[in-house]
Structure formats: C-alpha cells, structure tokens
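> Below you will find the structure I want to go over with you.
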Amino acid sequence: VLTYSTRFEFPSAVLEGISEALASEQYRLSLEVTQGSRARESELFQHMANSKLDGILFCPIHVENPASSLTASLLQCRKERKPVVQLLRNVQGNELENLQFSSVCPDEQQSGRLAGACLVLHGHRHVVMVGNSLKTDALKFDRVRGFTEAVEREGGTADLLSLGQDVDEWAE
Numbered sequence: 073v074l075t076y077s078t079r080f081e082f083p084s085a086v087l088e089g090i091s092e093a094l095a096s097e098q099y100r101l102s103l104e105v106t107q108g109s110r111a112r113e114s115e116l117f118q119h120m121a122n123s124k125l126d127g128i129l130f131c132p133i134h135v136e137n138p139a140s141s142l143t144a145s146l147l148q149c150r151k152e153r154k155p156v157v158q159l160l161r162n163v164q165g166n167e168l169e170n171l172q173f174s175s176v177c178p179d180e181q182q183s184g185r186l187a188g189a190c191l192v193l194h195g196h197r198h199v200v201m202v203g204n205s206l207k208t209d210a211l212k213f214d215r216v217r218g219f220t221e222a223v224e225r226e227g228g229t230a231d232l233l234s235l236g237q238d239v240d241e242w243a244e
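Those letters in the sequence shown? Residues 73 to 244, per this note's numbering, in order.
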C-alpha cells in the first residue's frame with residue numbers, strides 16, 4: 073500500500089481492514105507513506121512498480137496531472153498487467169485520461185449534495201462550507217460542487233471558507 077498519511081482515523085481503519093483481509097488469504101501487507109510529497113510519491117510508486125509485489129494499492133495525494141515519473145510507473149504497471157487499485161481518489165490527467173484503473177472511492181459530489189440538502193431541509197438558507205484547500209483539491213472540488221448545487225437548487229446561498237492549509241498542518 074502506498075498512502076499519503078496514516079495519521080487520521082479513516083486511512084488507519086482502511087489499512088487495518090486491508091491487512092486483515094490479506095492475512096486471511098496468506099498475503100502480507102507492505103506499507104509506504106509519502107508524507108504528502110509529490111516527489112516521494114513518484115519515487116515510492118516507481119520502486120513498488122519495479123518490485124516483485126503482486127499488486128499495488130495506491131492512495132494518491134496528488135490526483136491531477138501527476139508527475140511524469142508517476143504516470144510512467146502507472147503505465148508500466150498496466151503494460152505488465154500488475155494490478156493497481158486506487159483508494160479514495162483517482163489519479164487523472166495527461167496520458168491516464170482514457171485508461172481504466174480499478175478504484176475504491178467515495179462519491180464526493182453526492183456526499184456534498186446530501187450535506188447541502190440536509191442543511192436546507194432543516195431550514196438553513198445561508199450556509200458555508202469550511203475546509204482546507206476547497207478550491208484547489210480535486211477531491212474536495214467535487215464535494216463543494218455537489219454541496220453548492222444542492223443548496224442553490226433549494227433557493228439557498230452557499231459560501232466557502234477555505235483555510236488554504238495542507239490537511240496535515242491544519243489537523244495539528
């Protein structure tokens with residue numbers, strides 16, 4: 073598994089579940105953490121792609137226009153038929169646009185719609201979504217779009233308050 077962080081409850085719970093499922097089938101889990109670094113993400117993925125691993129579970133932090141070395145490694149895995157499953161996010165951009173990589177991801181736009189609709193349903197007409205990097209993170213962009221659409225569809229107004237910090241820095 074290659075992931076951006078293990079410091080939060082959700083990724084940790086996902087990793088525990090993966091580890092248990094693999095152990096029941098006599099497989100072992102290897103874990104690498106990028107600490108949010110694009111260069112480290114590319115370097116570690118390339119190392120995993122070149123290793124004798126049976127497959128790679130990949131939780132990318134940089135989803136749009138990945139580094140060329142990461143793109144090359146993803147394409148190498150595809151060519152060699154080494155399974156790559158993306159967790160929580162989908163890498164997009166350049167040569168990857170038309171390739172179908174397996175993924176296990178939440179529907180961020182729908183979660184935003186449900187949150188916005190719930191607030192309006194409970195009588196709130198002027199709402200704000202607070203978060204970090206709301207306008208630049210592709211994952212959050214879909215959530216914001218769904219939230220805004222739902223609120224405005226019901227006649228409310230939606231604003232954003234983006235803290236503009238990396239999630240690891242903000243959590244501390």
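For every residue, glycine included, the Cβ atom is placed at its ideal position computed from N, Cα and C. Owing to the predicted nature of the structure, the values given are computational and were not obtained by experimental measurement.
Beta-carbon separation of residue 105 and residue 77 under 9 Å?
Contact: yes.
> Given a cut-off of 9 Å on the beta-carbon distance, is the pair residue 153 and residue 184 in contact?
Contact: no.
> Leaving out the 5 sequence neighbours to the left and right, which residues in its chain are closer than 7 Å to residue 133 when beta-carbon positions are compared?
Closer than 7 Å at the Cβ level, and outside the excluded window around residue 133, lie 76, 106, 108 and 113.
> How is residue 241 classed by DSSP in three states: helix, strand or coil?
Note on residue 241: pLDDT 45, under 50, position unreliable in the model; the coordinate value appears next. In the structure shown, residue 241 sits in a helix (DSSP, three-state: H, G or I).
> Just list the residues that DSSP pairs residue 130 with in beta bridges.
Partner(s): 74 and 158.
> Whole angstroms are fine: how far does the CA of residue 116 sit from the CA of residue 233?
Cα to Cα, the separation comes out at about 34 Å.
> Mark residue 92 as exposed unless 16 or more other C-beta atoms lie within 10 angstroms of its C-beta, in which case mark it buried.
Exposed, since its Cβ has fewer than 16 Cβ neighbours within 10 Å.
> Residue 196 by DSSP, collapsed to three states: which one?
In the structure shown, residue 196 sits in coil (DSSP, three-state: anything other than H, G, I, E or B).
> Which one of 125, 120, 173 and 158 has the shortest CA to CA distance from residue 145?
When only C-alpha atoms are compared, the closest one is 120.
> Look up residue 221 in the DSSP assignment and say whether it is helix, strand or coil.
Residue state, collapsed to three classes: helix.
> Provide the residue span of the alpha helix (DSSP H) that contains residue 233, from first to last.
Unbroken run through residue 233 is the beta strand (DSSP E), 229 to 234; no alpha helix (DSSP H).
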